[in-house]
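Be aware that the sequence shown starts at 1, since it is given in the UniProt record's numbering, and climbs by one per residue. Notes follow the structure.
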Amino acid sequence: MPVRPREHAFHLFFETHHVELARMASLITGDQSVADDLAADALAEIWRYWDRVNAADDPLAYARGVLVNVARNWNRKNGLEQRGARLTSLFRRESPITETDVPFALDVRAALARLPYRRRACVVLRYAFDLSEREVAEILGISVGTVKSQTSRGAAQLAELISQDHLGEPELRRAVLTRAARHSELEAGR
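Encoded structure:
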């Protein structure tokens, strides 16, 4: 039986973006154990409206928005208003974690889980997925100004949480604070 173009297009989209959407779900919810389920739920919703998604200017941005909504509903359903942290290149697939980065990664993920949902979503979308402020605003359905303020507050809160929490190693603490300061300087220069 020949594959129809609609199914083929969705299959390609699924194969290309499933892992990224699951990673995004994990970072937004702070719960790896539900990430694949949330990504699957989002992709099921995307399939349901595939013609609309496929016709969008940016189907991936549309899919990210669906995933954010699915994750938001999961957070509400489970009563989670977690706190969290600003992400760095540490969470990108193309930047493997070295042995010395493992404690740092765990601290950042723990801090990320402590941020309020919207702040965490802004930070994850901006830093882990390198989306522009405009793209984040569209995905979350908020203004660019809100994205800027939530991202800035999230970055500051992350630096504070990490500097206070589990960073026993002075070089890791310095690395976190340096990264946060560097980002703040870059943001101020924009």
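No residue lacks a Cβ here, since even glycine has one placed at the ideal position from N, Cα and C.
**OP:** Could you check which residue in 128, 49, 157, 143 has the C-alpha nearest to that of residue 21?
**Re:** Within the sequence shown, the letter at position 21 stands for residue 21. Measuring from the Cα of residue 21, the nearest candidate turns out to be 128.
Original post:
Taking just the CA atoms, how far does residue 141 sit from residue 108?
Top reply: Position 108 of the sequence shown, counted from the first residue, corresponds to residue 108. Position 141 of the sequence shown, counted from the first residue, corresponds to residue 141. Using only the alpha carbons, I get a separation of about 26 Å.
Subject >> Coil, strand or helix - residue 4 by DSSP >> reply: As a working note, residue 4 is residue 4 in the sequence shown. Residue 4 carries a coil assignment under DSSP once its states are collapsed to helix, strand and coil.
Original post:
Roughly how many angstroms separate the alpha carbons of residue 47 and residue 35, rounded to a whole number?
Top reply: Indexing the sequence shown from 1 puts residue 47 at position 47. Indexing the sequence shown from 1 puts residue 35 at position 35. Going by the C-alpha atoms only, they are around 18 Å apart.
**OP:** Under 8 Å Cβ to Cβ from residue 133, same chain only, skipping five residues before and after it: list those, please.
**Re:** To locate residue 133, count along the sequence shown from 1; it is residue 133. Excluding sequence neighbours, residue 133 sits near 126, 144, 147, 148, 151.
Original post:
So does the stretch 15-29 actually touch the stretch 58-66, counting three or more Cβ pairs closer than 8 Å?
Top reply: They touch, by the three-pair rule.
Subject >> Residue closest to residue 113, alpha-carbon to alpha-carbon, out of 26, 6, 10 >> reply: Your numbering for residue 113 matches position 113 in the sequence shown. Ranked by Cα distance from residue 113, the options 26, 6, 10 are led by 26.
**OP:** Compare the beta carbon distance of residue 50 and residue 14 with 7 Å and say whether it is the shorter of the two.
**Re:** Locating residue 50 in the sequence shown gives position 50, where the first residue counts as 1. Locating residue 14 in the sequence shown gives position 14, where the first residue counts as 1. Residue 50 is not a Cβ neighbour of residue 14, given a cutoff of 7 Å.
Original post:
Do residue 42 and residue 70 have their C-beta atoms within less than 7 Å of each other?
Top reply: Position 42 of the sequence shown, counting from 1, holds the residue named residue 42. Position 70 of the sequence shown, counting from 1, holds the residue named residue 70. Yes; because the gap between Cβ atoms is below 7 Å, this pair is in contact.
**OP:** Excluding the 5 residues preceding and the 5 following residue 74 in the sequence, name in chain order all residues of the same chain whose CB lies nearer than 7 Å to its CB.
**Re:** The residue given as residue 74 occupies position 74 in the sequence shown. Contacts found: 29, 34, 38.
**OP:** Pull up the DSSP beta-bridge partners for residue 119, would you.
**Re:** Locating residue 119 in the sequence shown gives position 119, where the first residue counts as 1. Under DSSP, no beta-bridge partner is assigned to residue 119.
**OP:** Mark residue 158 as exposed unless 16 or more other C-beta atoms lie within 10 angstroms of its C-beta, in which case mark it buried.
**Re:** On the sequence shown, position 158 is the one that residue 158 refers to. By the 10 Å Cβ count, residue 158 comes out buried.
Original post:
In whole angstroms, what is the alpha-carbon distance linking residue 31 and residue 78?
Top reply: As a first step, residue 31 must be located in the sequence shown, where it is residue number 31. As a first step, residue 78 must be located in the sequence shown, where it is residue number 78. Roughly 12 Å separates the two Cα atoms.
Original post:
Which two residues bound the contiguous alpha helix (DSSP H) that contains residue 46?
Top reply: What you label residue 46 is simply residue 46 of the sequence shown in a count that begins at 1. Boundaries of the alpha helix (DSSP H) around residue 46: 32-48.
Original post:
Would you call the CB atoms of residue 55 and residue 62 closer than 7 Å?
Top reply: Indexing the sequence shown from 1 puts residue 55 at position 55. Indexing the sequence shown from 1 puts residue 62 at position 62. Not closer than 7 Å, so no.
Original post:
Nearest to residue 162 by alpha carbon, out of 124, 111, 59, 135?
Top reply: Working through the sequence shown from its first residue, we reach residue 162 at position 162. Residue 162 has its Cα closest to that of 111, out of 124, 111, 59, 135.
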